[in-house]
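Structure, as structure tokens:
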Amino acid sequence: MGKKSPEAAGRRRRMMYRALALMLAAVLLLPLVPYAVAYVGGITNPNPGADLWRQVRQRETPPEVRTQVRGVDTGVLINARGESWRQFRMEQLIPWSGWFLGGMLVAIALFYLLRGRIRIDKGRSGILVQRFTVNQRLAHWFMAVVFTILGLTGLVLLYGRFVLIPLLGPEGFSVTAAACKEIHNLFGPIFPLAVLLILFYFVRGNGFRGVDFKWLAKGGGLLGGHASAGHFNMGQKLWFWGTLLFGLSLVVSGLILDFPVFGQGRPVMEWAHFSHGIAAVLFIGGAFAHSYIGTLGMEGALEAMTHGTVDANWAKEHHDLWYAQMEAEGKVGAVPGQEAPASSGSPETAGG
Amino acid sequence: MARMKFLCDAERCIECNGCVTACKNEHEVPWGVNRRRVVTINDGEPGERSMSVACMHCSDAPCAAVCPVDCFYTTEDGVVLHDKDICIGCGYCFYACPFGAPQFPTAGAYGSRGAMDKCTFCGGGPEPDGSAEEFKKYGRNRLSEGRLPLCAEMCSTKALLAGDGDKVSDIFRERVTYRGIGTLAWGWGVAYGKGGVRQSSGLGGKASSTKE
Amino acid sequence: MFLDFVEGPLWYAAAAVFLVGVAWRLAAIARAGLKEDLSVPRTAGAPGAVATVFRRFLPHREFMRPAAFQMVAGYAFHIGLFVLVLFAAPHVEFIEQRILGFGWTPAPHWVFLLAANFAFAGLLLLWLRRMLDPVLRRISTLDDHIGTGLTFVVMFTGCMALFESHDFLRALHMLFVDLLLIYFPFSRLMHAFTFILSRGFTGATMARKGVSA
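Chains as they are written, first to last, in my numbering: chain A, 1 to 352; chain X, 353 to 564; chain L, 565 to 777.
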């Protein structure tokens, strides 16, 4: 290498300055690359506070959670569903069901005032037709008793805070509510048996037929006129299938609610409450109508469930197809259940 | 009057469970009941955080709203308490509570679900202050003795703060200023509403600005 | 106060009426005596009596089908009731503290629940059948309905008091227990004791006649 010229030295110095400047620029700019990438490519800059909050609220996939405390849902920091359940129960279920059930009662009262008791037009013939067997009536009344106990205690728990506390005071209502809660929980598991008995003894004759839709089109003769029906009319069939549907819903959700010992968490319990409340309210509303038309609303209907027999004229007017069938089979006037106790006729059963 | 609040600083909690133990011991809580618990997120991974959870004594308490026997009441200190003589142990408060605070002992000779038990902010119950009956049902009433909840008093890192909401948030605000990064006083928005502290102090659940 | 009364004076009075009444009824049956059997017995009466007491826990083979309902519902009710009365935790506690001075291990909660469900379902079905079946309706007297009703009310108030936090509910339960104890000796509820005598009598008579019964 020869002697360095000042020209070369100047060039080298310039190169050094440039390199230094480049390095400085790199030092200054390189850290900005992720920002630039983030700006262009949308990589979110992790923020501890935001991430933590998101995980706490469990808005996304639940985080890995650990706690020393054993129990149901102990790993959940904030149960966001609780608020929606509160909304459902306090803002929707209680007021809406109150309007619904109250509306049912008012509608029934209006119907009674307008239509009055539905009489047997031709009066009683004194001839009896066997309508329900002992076992059918047993299933019916077993369901009725269990349903009434569960329904009343359930309604006390649902509306008691608003209806009964003003009457009984907080202590008095606490006694009532504690008793109702225990009765409700204890009778709950008997309800499936009642539903099964109803299914077993009433499923025959409850299939839908063409005549049922004609019955429905005529409004079931509720507002006057005659609507043909077999052993069961469309209303009764809908009530039967409704009983099974609501019953199944109540049984499944009720058992989940009644035994919170299998580790089911709050989401499951809230869903169970949801379906339990809705099914129960609809069922109770239907039961209002059912028990009205079965007792006060229609002459000669209740005895079908108490004594198992109906008057022939009642049968002709309300279940003409069934009556025709019974007549064809020669079963009118033959009441097998009543033969057993005494050889003589049973006059007291005729009155219902 | 003071408005009593809890605040758990997730940046400080080290999951020592000291608060849980202090609470259990102070109130002689029955088996199976934990008024306070510590929950750890992402345990052993980057971003691990622990938080101590108990009843937060909400302003608009969901438990009180759904209770079918209306057994809850809020003291003038803003502490949410309940009357165990009225409670029927139905469990609805547990379903509504955002924090999972209500607990149910398997009490009674039948092993059935007994009356609900939860954090009282060391404030006892409706019985006379400091009575034996009150202690049996609700544990120690420290507030009536002029003392604050033991869980926070015993917290070794002072992650858990308890006391008047203004003072607690002052302490926390100062802490966040020194720390330089904002993190959340988790649960405040849920318990005490969207406005108030969370908005004014910028401590809430929202992320702090990324431009800092 | 109400609780003190029904668990105190009324309870002692009811227990006394129950004990004295049952003893008096049994003594009356024993005093009535048996007609002397003059024929030569074909087999000994005593083994037949004992055998029949047990054999009659099931209906005769021929009656198995017609009696199936009563058997199933009856056993559901009675077994459930025994478990409730003897193994429910508050009952064991009461027996230990107030009656015998010693207790035993109570049934766990789920056993109690199951027993209560069986007992309630059985009792309701049997009672409803008594009211609905034309034959049973005719042979039932007021006594049957009072006895069944009282038993039902005792069970019902008992399960109302399950939460065990209100003295009033416990007192209500005790009140009906007291009433049931007072009513017991003078009603068909006595079958709890007399079934042995009636079955034994039938068994002994049949055995002496050499009839398999």
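C-beta atoms are modelled at their ideal positions from N, C-alpha and C, and glycine is treated no differently.
These numbers were taken from a predicted model, which means no experiment stands behind them.
Tell me, please, whether the CB atom of phenylalanine 727 of chain L is closer than 9 Å to any CB atom in chain X? yes
Three-way DSSP call (helix, strand, coil) for aspartate 437 of chain X in this model: coil
I'd like the span of the alpha helix (DSSP H) that includes glycine 541 of chain X, first residue to last. 540-544
Extent of the continuous beta strand (DSSP E) run through threonine 309 of chain A: 309-311
Sub-9 Å separation of glycine 384 of chain X and glycine 71 of chain A beta-carbons: yes
Can you find a CB in chain L that lies within less than 9 Å of the CB of phenylalanine 187 of chain A? yes
In chain A, which residues lie with their C-beta within 7 Å of the C-beta of phenylalanine 732 of chain L? Val175
For threonine 616 of chain L, the first and last residue of its enclosing alpha helix (DSSP H): 609-619
Selection from X:Phe446, X:Thr509, X:Cys471 that minimises the alpha carbon distance to arginine 387 of chain X: X:Cys471
Exposure label - proline 454 of chain X; buried when at least 16 CB within 10 Å: buried
Status (buried if at least 16 other CB within 10 Å, exposed otherwise) for histidine 226 of chain A: exposed
is_contact[glycine 370 of chain X, chain L] using C-beta, thresh 9 Å: no
Cβ shell of glutamate 486 of chain X (< 7 Å), same chain only, five flanking positions each side left out: Gly476, Gly477, Glu479, Pro480, Asn493
Please report the residue range of the beta strand (DSSP E) in which threonine 392 of chain X lies. 389-393
Quick check: the Cα distance between valine 89 of chain A and phenylalanine 750 of chain L, rounded to an integer number of angstroms? For the record, residue 89 of chain A in the displayed sequence is arginine; it is not valine. Taking the straight line from one Cα to the other gives about 51 Å.
In terms of DSSP beta bridges, what is cysteine 360 of chain X paired with? X:Leu512
How many Å lie between glycine 210 of chain A and methionine 234 of chain A at the Cα? 10 Å
Would you check if the region 354-373 of chain X and the region 402-416 of chain X touch, i.e. whether three or more CB-CB distances between them fall below 8 Å? yes
Cβ of alanine 685 of chain L less than 9 Å from any chain A Cβ? yes
What is the DSSP secondary structure of asparagine 493 of chain X, reduced to helix, strand or coil? strand
Suppose you measure from the CA of threonine 458 of chain X to the CA of proline 672 of chain L; what does that come to, to the nearest Å? 12 Å
Compile a chain-ordered list of the residues in the region 429-440 of chain X whose CB is closer than 9 Å to at least one CB of chain L. Lys436, Asp437, Cys439, Ile440
So that I know if they touch, is there some Cβ in chain L lying closer than 9 Å to that of alanine 179 of chain A? yes
Can you pull the chain L neighbours of alanine 453 of chain X, defined as C-beta to C-beta under 7 Å? Chain L residues near alanine 453 of chain X: none, gap ~21 Å exceeds 7 Å.
Segment contact, 8 Å Cβ cut-off, at least three pairs: the region 645-663 of chain L with the region 617-624 of chain L: no
Can you tell me whether threonine 392 of chain X is buried or exposed, with buried defined as 16 or more other CB within 10 angstroms of its CB? buried
Spell out whether any CB of chain B is found under 9 Å from the CB atom of leucine 155 of chain A. Included in the structure are the protein chains A, X and L, with no chain B among them.
Is there a Cβ of chain A sitting closer than 9 Å to that of phenylalanine 446 of chain X, yes or no? yes
Secondary structure, alpha helix (DSSP H): runs of 4+ residues fully inside the region 161-193 of chain A: 165-187
Roughly how many whole angstroms lie between the Cα atoms of tyrosine 544 of chain X and phenylalanine 666 of chain L? 54 Å
Excluding the 5 residues flanking alanine 592 of chain L on each side, which residues of the same chain have their C-beta closer than 8 Å to its C-beta? none
Going by Cα to Cα distance, which pick from X:Thr426, X:Ala417, X:Gly396 is closest to valine 65 of chain A? X:Gly396
In angstroms with no decimal places, state the Cα-to-Cα distance between glycine 75 of chain A and leucine 157 of chain A. 30 Å
Would you check if there are 3 or more beta carbon pairs closer than 8 Å linking the region 675-686 of chain L to the region 101-117 of chain A? no
Expressed to the nearest angstrom, what Euclidean distance is found between the alpha-carbon atoms of valine 310 of chain A and methionine 770 of chain L? 46 Å
List the DSSP bridge partners of serine 404 of chain X. X:Val390
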